[in-house]
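Peer 1: One structure, pasted below without further comment.
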Amino acid sequence: MSATARRSTATPARPHAGANERVDVAIVGAGAAGSFYAERFARAGRSVVVLEAGPAWSNDSLKSSQIWARRLKWGGAPVLRGGEHPFGHNMSHGWGFGGAALHHYAGWPRFHPEDFRTHSLYGRARDWPFDYDALRPHYDRIQAEMILSGDAEAEVWRPPGAPYPQPPLRAFRQGEVIASGFAKLGLRVAPAPLAILSQPARDRMQCLYDGWCDAGCPIGAVAHPLVTHIPRAQRAGAQFVAHATVTRVLTDADGRADGVAWRDAAGAEHVQRAKFVVLAASTPQNVRLLLASANARWPNGLANSNGLVGRGFTCHVIPSAYGIFDEPLDNFLGVSAGQLISQESYGKRSRGADAPFGSYQWGIGPALKPNDLLGIANTRVDLYGAKLVEFLERDGPRLGTLSAVCESLPSPGRRIELAEERDAYGVPLARIVNTLDRDAIGLYEHASREGVAVLKAAGAKATWNGILATSHALGGTVMGDDPATSVCDSYGRTHEIENLVVAGGSLFPTAGGGSPTFTIYAIADRSAAHLLAA
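Our numbering applies: residue 342 is where the sequence shown begins, and numbers increase by one.
See below:
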């Protein structure tokens, strides 16, 4: 069988016979963390049921299409928005087998040692309950398992760790030109660290550089759950159930987790009893389930006696810069995350004591499409009709772009809460209240100016910035050592309910200055090993 013919075994799943019988582990969500936990527990001999609200995507069903890409984004109950800087929920979240990791860009930098010690080093926010050294072996294990590509030596700012299993993906003219602008400003770049194959491996093809990461990768070059942990979990006996919307976590007379209640596509209610429950949905849905599962034993919501469920929310702020050059840049080639990375200004105080606090990195030269999320048309939202067509024909091929991932710190007013509005099953909707502080806005403005300066130094004849965007919902079930100031311990177990575990980005105490997916997997690797050994 050729590599192009090999496909994921993640086929539409049905509830197993006796679905209401007690299993060892019930997992909510079939995204990155949920599918990872399913694989680890099933391979250890545990009986596992994974309940996913969205469809049972298979690798065969993925289409390289901008319309298709929208189908992979969140399609469940609306997540409401509040605050001065409303969070862009649907861009960051997934729907169906694979979750957001099915359409992630696969830019996988490591968090830096200072990201885990923000309070100890700078008196800001809070520390993580472990340091970089504790997570380092799990970063190394995950990058070998998922087969990352990159150049560790070129990433002069990279924390200690094993070299990448594969060489970096190639750069194209857009990346080369913008890199020259960084060099003229004395800023270094490196090939982007990516969970994308630069060479064939394990029945997966290497990248074709056609830039369809956001629509899912049908050839499996991107390390998404349909070609990694879902088929492995299924082979080990885990059951994946699609169109299964979990409405609440059930508890027994002693207050322990006893399973979950869920609705199928027809609206019928089911109960899945379990010895162990893992909430691996998105950040807002993890919070929503804990709060909406309130009962007489837990009147404020599960694991929420301290009132901290939903608190500690944070996200990344995404500035972008655009430039028109004299030459065509082949900007349709590459990957969604960008060809190159720069973390030259990652240090949280690298801009001086009076400058905005926080870390950020640049993603340089992403592959561009005509419209939608990474669209050329979206760079000039002021144009439409004939003027837009003229812009696309004249300037589209000569457009270069870069975007930054900027840290923002949690603050008391940023939160996820239950709204008065309810979904079709009577469950209150989640609302994300997001107002950025002065440092987050200042860092966004600083990076926006720097991006334009880089493009001008690279020879751009016209430059401008995009709108303020947000991404990566983090926090809300924050982990820590002290039950009075956190929701979960360092392994994701809720302090108050030992057999209720939370997984994914909602555990993060702070956001760092880079995409979180690699760190989500590393945390899951550490936690799953501990929980299986307990």
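Cβ coordinates follow ideal geometry from the N, Cα and C atoms, glycine included.
Going by other Cβ atoms of all chains shown within 10 Å of its Cβ, with 16 needed for buried, is Lys414 buried or exposed?
Peer 2: It counts as buried.
Peer 1: Name the residue from Ala594, Ala622 and Gly767 whose alpha carbon lies nearest to the alpha carbon of Ile368.
Peer 2: Nearest of Ala594, Ala622 and Gly767 to Ile368, Cα basis: Ala622.
Peer 1: What would DSSP say about Ser789, mapped onto helix, strand or coil?
Peer 2: Correct three-state label for Ser789: helix.
Peer 1: Among Pro572, Asp555, Asp823 and Ser847, whose alpha-carbon lies nearest the alpha-carbon of Asp713?
Peer 2: Per the Cα distances, Asp555.
Peer 1: Who are the near neighbours of Thr352 in its chain, counting only those whose CB is closer than 8 Å to its CB and skipping five residues on each side?
Peer 2: For Thr352, the predicted structure reports a pLDDT of 38, less than 50, and the residue's modelled location is therefore unreliable. The matter cannot be settled from this model.
Peer 1: Report the CB separation of Gly675 from Ala718 in whole angstroms; it is logged as a contact under 8 Å.
Peer 2: No, Gly675 and Ala718 are not in contact; Cβ-Cβ is about 18 Å, not under 8 Å.
Peer 1: Select from Gly845, Tyr480, Gly448 and Val768 the residue whose C-alpha is nearest the C-alpha of Gly417.
Peer 2: If we check each option's Cα against that of Gly417, Val768 comes out closest.
Peer 1: Can you tell me the Cβ-Cβ gap for Tyr473 and Ala844, rounded? I've got them flagged as a contact below 8 Å.
Peer 2: 20 Å between Cβ atoms; not a contact.
Peer 1: Considering only C-alpha positions, which residue in the set Asp401, Pro427, Ala799 and Arg422 is nearest to Asp667?
Peer 2: It is Ala799.
Peer 1: Within 10 angstroms of its Cβ, does Asn672 collect 16 or more other Cβ (buried), or is it exposed?
Peer 2: With 16 or more Cβ atoms within 10 Å of its Cβ, Asn672 is classed as buried.
Peer 1: Alpha carbon to alpha carbon, how far is Asp481 from Arg867? Give it in angstroms, no decimals.
Peer 2: When rounded, the distance between both Cα atoms is 12 Å.
Peer 1: Give the C-beta separation of Pro541 and Leu443 to the nearest angstrom, bearing in mind that I take them to be a contact with Cβ-Cβ under 8 Å.
Peer 2: Contact flag wrong, Cβ pair sits at about 21 Å.
Peer 1: Expressed to the nearest angstrom, what Euclidean distance is found between the alpha-carbon atoms of Phe428 and Leu815?
Peer 2: Computed Cα separation, rounded: 11 Å.
Peer 1: Rounded to whole angstroms, what is the Cα-Cα separation between Gln684 and Asn627?
Peer 2: Roughly 31 Å separates the two Cα atoms.
Peer 1: Using the rule of at least 16 other Cβ atoms within 10 Å of the residue's Cβ for burial, across every protein chain shown, is Arg545 buried or exposed?
Peer 2: Buried: at least 16 other Cβ atoms inside 10 Å.
Peer 1: Cβ of Gly491 within 8 Å of Cβ of Pro509?
Peer 2: It is a contact, given that the beta carbons lie within the stated cut-off.
Peer 1: Report the CB separation of Leu740 from Ile665 in whole angstroms; it is logged as a contact under 8 Å.
Peer 2: Rounded, the Cβ-Cβ distance is 6 Å, consistent with contact.
Peer 1: At 4 residues or longer, and completely inside the region 599 to 686: list those alpha helix (DSSP H) runs for me, N to C.
Peer 2: The qualifying runs are 624 to 633.
Peer 1: Do the CB positions of Glu455 and Lys728 come within less than 8 Å of each other?
Peer 2: Their beta carbons are not under 8 Å apart, which means Glu455 does not touch Lys728 by this criterion.
Peer 1: Got a sec, what are the start and stop residues for the alpha helix (DSSP H) Arg756 sits in?
Peer 2: Note, Arg756: premise wrong, no alpha helix (DSSP H); beta strand (DSSP E) at Arg756 to Arg763.
Peer 1: Enumerate in chain order the residues of its own chain whose CB-to-CB distance from Lys802 is below 6 Å, with the five nearest sequence positions on each side excluded.
Peer 2: These residues qualify, in order along the chain: Ile665.
Peer 1: Quick check: Ser744 and Ser661, are their CB atoms within less than 8 Å of each other?
Peer 2: For Ser744 and Ser661, yes; Cβs fall inside 8 Å.
Peer 1: Specify, as a first and last residue, the run of the beta strand (DSSP E) that His813 falls within.
Peer 2: Taken as a continuous stretch (DSSP letters only), the beta strand (DSSP E) holding His813 covers Ala810 to Leu815.
Peer 1: Quick one: Cα of Val518 to Cα of Gly448, how far?
Peer 2: Roughly 20 Å between the two C-alpha positions.
Peer 1: Helix or strand or just coil, what does DSSP make of Met820?
Peer 2: Strand, per DSSP.
Peer 1: Name, in chain order, the residues that DSSP records as bridge partners for Phe581.
Peer 2: Looking at the DSSP assignment, Phe581 forms a beta bridge with Val391.
Peer 1: Indicate the three-state DSSP secondary structure (helix, strand or coil) for Ala358 in the structure shown.
Peer 2: The predicted model places Ala358 with a pLDDT of 38, which falls under 50 and marks its position as unreliable, so this point remains unresolved.
Peer 1: Within its chain, find whatever has a CB closer than 8 Å to the CB of Lys710; leave out the 5 residues flanking it on each side and keep chain order.
Peer 2: Same-chain partners within the cutoff: Gln407, Gly552, Phe673, Gly716 and Ile717.
Peer 1: Could you tell me the boundaries of the alpha helix (DSSP H) in which Val518 lies?
Peer 2: Residues Arg514 to Lys525.
Peer 1: Going straight from the alpha carbon of Ala788 to that of Arg721, what length do you get?
Peer 2: Distance between the alpha carbons of Ala788 and Arg721 is about 20 Å.
Peer 1: How is Gln547 classed by DSSP in three states: helix, strand or coil?
Peer 2: In the structure shown, Gln547 sits in coil (DSSP, three-state: anything other than H, G, I, E or B).
Peer 1: Considering only residues of the same chain and omitting the five flanking positions on each side of Pro514, which have a CB-CB separation below 6 Å?
Peer 2: Residue identity check: residue 514 is Arg in the sequence provided, not Pro. Closer than 6 Å at Cβ, skipping near neighbours: Leu670 and Asp671.
Peer 1: Below 8 Å between beta carbons: does that hold for Ala583 and Phe438?
Peer 2: Yes. Within cutoff.
Peer 1: On the DSSP bridge assignment, give the partners of Cys554 in chain order.
Peer 2: According to DSSP, Cys554 bridges with nothing at all.
Peer 1: Give the list of continuous alpha helix (DSSP H) stretches no shorter than 4 residues that lie fully inside the region 433 to 483.
Peer 2: With a minimum length of 4 residues, the continuous alpha helix (DSSP H) runs that stay inside the region 433 to 483 are 459 to 463.
Peer 1: Relative to the C-alpha of Ala564, which residue among Ala536, Gly853 and Ile864 is closest?
Peer 2: When only C-alpha atoms are compared, the closest one is Ala536.
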